[in-house]
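Asker: Numbering (UniProt numbering), first residue to last: 1 to 345.
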Amino acid sequence: MIRLTTPLPNPGTEYEREAVAFCREWLEGQPAFQLQTSGSTGTPKPIVLTRYQMEASARLTGDTFGLEPGDKALCCLNIRYIGGRMMLVRTLELGLDTWLVEPDAEPLRGLEEIPFAFAAFVPLQLQTLLGHTDRYLPALSRMKAIIIGGAAVSGALLEQLQVIQAPVYSTYGMTETVSHIAIQRLNGPDADGLFHALKGVDLSLDGRQCLAITAAASNHERIQTNDVAELFPDGSFRLLGRFDNIINSGGIKIQLEKTEQLAETRLARFFPDSRFFAWGFPDERLGQKLGLVVETTQIPDAEEILTELRGLFPPYQHPQLIRSISAFSETPSGKIDKRQTVARL
């Protein structure tokens, strides 16, 4: 763990050396930087982002959450990817006083007394911290804002985080948009279940009902996504899932993310604390058969589980099989690699 200040500190680990090297390049005025996409929707690929894009994104975050010079921030996301890298840029551009912690499930360990104003977590990190509310809740509650990215927020975590007094937001964005371009309030009276575009972000839908994004952080170029959404006139939207996560089962189109949402609570009774995802398996009769893949070494009566799930779904849209595997494959950024996991079944 190091504290990012100027002059820059002496790094003690390879990870810290990478962070300090980037900060030095930024302070020297480097005009562009190469990053890798996260690989959550395909093979990770290199992408070049300009300094202008990264500055615009950092300023937008600062304005959105009211961050001020001297505010203390926690950087505990992987700096090799956009979420962590932009925490470094915000530090330098907004004058934040940032503690750099190598990614860990319990990133506030030993830092509970520091009055952080801002932090970005992945869901697993926040879920772990909320498992020790007596230790970490005061630190979380006194922040100006907490943002969550990198994966969907589960219903269980959504319920857990209601005890946090600070505003907690789910973020929407990607490497191509230089981090988040929309946020969704998750706790408190302002939580409405919708993402809201940040200032200056223009959204539209293509013929597939997938979001297209134009913003300063995209160099004012139109970024076409594969994210199916319901877009409202005020610029808010509801994410429905990815277009490439729609399967055709016997002529019925099924959105895999919707399956996961409907199955989550009931499945947790059989597999507490286990991750899972929905998948379309090849089937001679249906073309694709809807199934669930669970990260577990023991599986109870699959037929009993499927019978319980059936009543939660519209006709012909319920899961028809359950497969298990001891450990999911993951991308370099720590997201579930569903395709590789299924290939190992």
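For each residue, glycine too, the CB sits at the ideal point set by N, CA and C.
Being a predicted model, the structure only gives us computed values, none of them experimental.
At a cut of 8 Å, does the stretch 188-197 reach the stretch 234-249 through at least three beta carbon pairs?
Answerer: Yes, they touch.
Asker: Quickly, what does DSSP pair S333 with across the bridge? List them, please.
Answerer: Note: S333 sits in no beta bridge, so no partner.
Asker: Taking DSSP's pairing of strands, which residues face E230 in a bridge?
Answerer: Beta-bridge pairing links E230 to R238.
Asker: Contact between the stretch 133-152 and the stretch 161-180 is defined here as three or more beta-carbon pairs at a separation below 8 Å; is this criterion met?
Answerer: Output reads yes: the stretch 161-180 touches the stretch 133-152.
Asker: Short of 6 Å in beta carbon distance, which residues of its chain neighbour E106, apart from the five on each side in sequence? Order them along the chain.
Answerer: These residues qualify, in order along the chain: T128.
Asker: Under 8 Å, with one C-beta from each stretch per pair, do the stretch 184-193 and the stretch 58-67 reach the 3-pair mark?
Answerer: Flag = no, the stretch 184-193 and the stretch 58-67 do not touch.
Asker: In this structure, does DSSP put M86 in helix, strand or coil?
Answerer: Looking at M86 - three-state DSSP - the assignment turns out to be helix.
Asker: What's the gap between the Cα of residue 350 and the Cα of R285?
Answerer: Any question about residue 350 goes unanswered here, given that the chain covers just 1 to 345.
Asker: Can you tell which of E14, M54 and R208 has the C-alpha that lies nearest to the C-alpha of T175?
Answerer: Selected option, being the one with the closest Cα: M54.
Asker: Below 8 Å between beta carbons: does that hold for N219 and T6?
Answerer: No. Outside cutoff.
Asker: Tell me the rounded alpha-carbon separation between A229 and G280.
Answerer: The straight-line gap from Cα to Cα measures roughly 21 Å.
Asker: Report yes if the CB atom of A119 is closer than 8 Å to the CB atom of L158, and no otherwise.
Answerer: Not in contact: A119 and L158 (Cβ atoms no closer than 8 Å).
Asker: So A215 packs on I181, CB below 8 Å; how close in whole Å?
Answerer: Their Cβ separation, rounded to whole angstroms, is 6 Å, which keeps A215 and I181 in contact under 8 Å.
Asker: Assuming I254 and L309 form a contact by the criterion Cβ under 8 Å, report the distance between their Cβ atoms to the nearest whole angstrom.
Answerer: About 13 Å; that fails the 8 Å criterion.
Asker: Where are the beta strand (DSSP E) runs, 3 residues long or more, that stay fully inside the UniProt domain "AMP-dependent synthetase/ligase" (29-187), in chain order?
Answerer: Entirely contained in the UniProt domain "AMP-dependent synthetase/ligase" (29-187), the beta strand (DSSP E) runs reaching 3 residues are, in chain order, 32-36, 46-50, 72-75, 97-100, 118-121, 145-148, 168-174 and 179-185.
Asker: Since K289 is in the beta strand (DSSP E), which residue starts that stretch and which ends it?
Answerer: First-last of the beta strand (DSSP E) with K289: G287 to E295.
Asker: For L77 versus C23, is the C-beta spacing smaller than 8 Å?
Answerer: No; because the gap between Cβ atoms is not below 8 Å, this pair is not in contact.
Asker: Taking DSSP as the reference, what is the three-state secondary structure of A215?
Answerer: DSSP places A215 in coil when its eight states are reduced to three.
Asker: What are the boundary residues of the beta strand (DSSP E) that I247 is part of?
Answerer: Per DSSP, I247 belongs to the beta strand (DSSP E) from I246 to S249.
Asker: Since I believe L312 is in contact with A263 (beta carbons under 8 Å), could you give me their beta-carbon distance rounded to a whole number of angstroms?
Answerer: The pair is a contact, with the Cβ atoms about 7 Å apart (cut-off 8 Å).
Asker: Here's the rule I'm using: 16 or more other beta-carbon atoms within 10 Å means buried, otherwise exposed. How should S333 be labelled?
Answerer: Buried: at least 16 other Cβ atoms inside 10 Å.
Asker: Assign N245 to buried or exposed, taking buried as 16 or more other Cβ atoms, counted over all protein chains shown, within 10 Å of its Cβ.
Answerer: Result: buried.
Asker: Between the beta-carbon of A217 and the beta-carbon of S57, is there less than 8 Å?
Answerer: The answer is yes: Cβ separation under 8 Å.
Asker: Let me check one thing: in DSSP terms, what residues is P282 bridge-paired to?
Answerer: The partner list for P282 (beta bridge, DSSP) reads Q288.
Asker: May I ask you to list the residues that DSSP assigns as paired with C23?
Answerer: Bridge partners of C23: none, in fact.
Asker: Hey, V294 and S326: beta-carbon distance below 8 Å or not?
Answerer: Their beta carbons are not under 8 Å apart, which means V294 does not touch S326 by this criterion.
Asker: Please report how far the alpha carbon of W99 lies from the alpha carbon of P314, in whole angstroms.
Answerer: The alpha-carbon atoms of W99 and P314 are separated by roughly 48 Å.
Asker: What do you get for P79, buried or exposed, if any count of 16 or more other CB atoms within 10 angstroms of its CB means buried?
Answerer: Position check: residue 79 holds Ile in this sequence, whereas Pro was assumed. So I79 counts as buried.
Asker: What are the boundary residues of the alpha helix (DSSP H) that includes Q255?
Answerer: Segment I252 to Q255 is the beta strand (DSSP E) holding Q255; no alpha helix (DSSP H) there.
Asker: Give the straight-line distance between the Cα atoms of L140 and L124, rounded to the nearest whole angstrom.
Answerer: Answer to the nearest angstrom: the Cα atoms are 15 Å apart.
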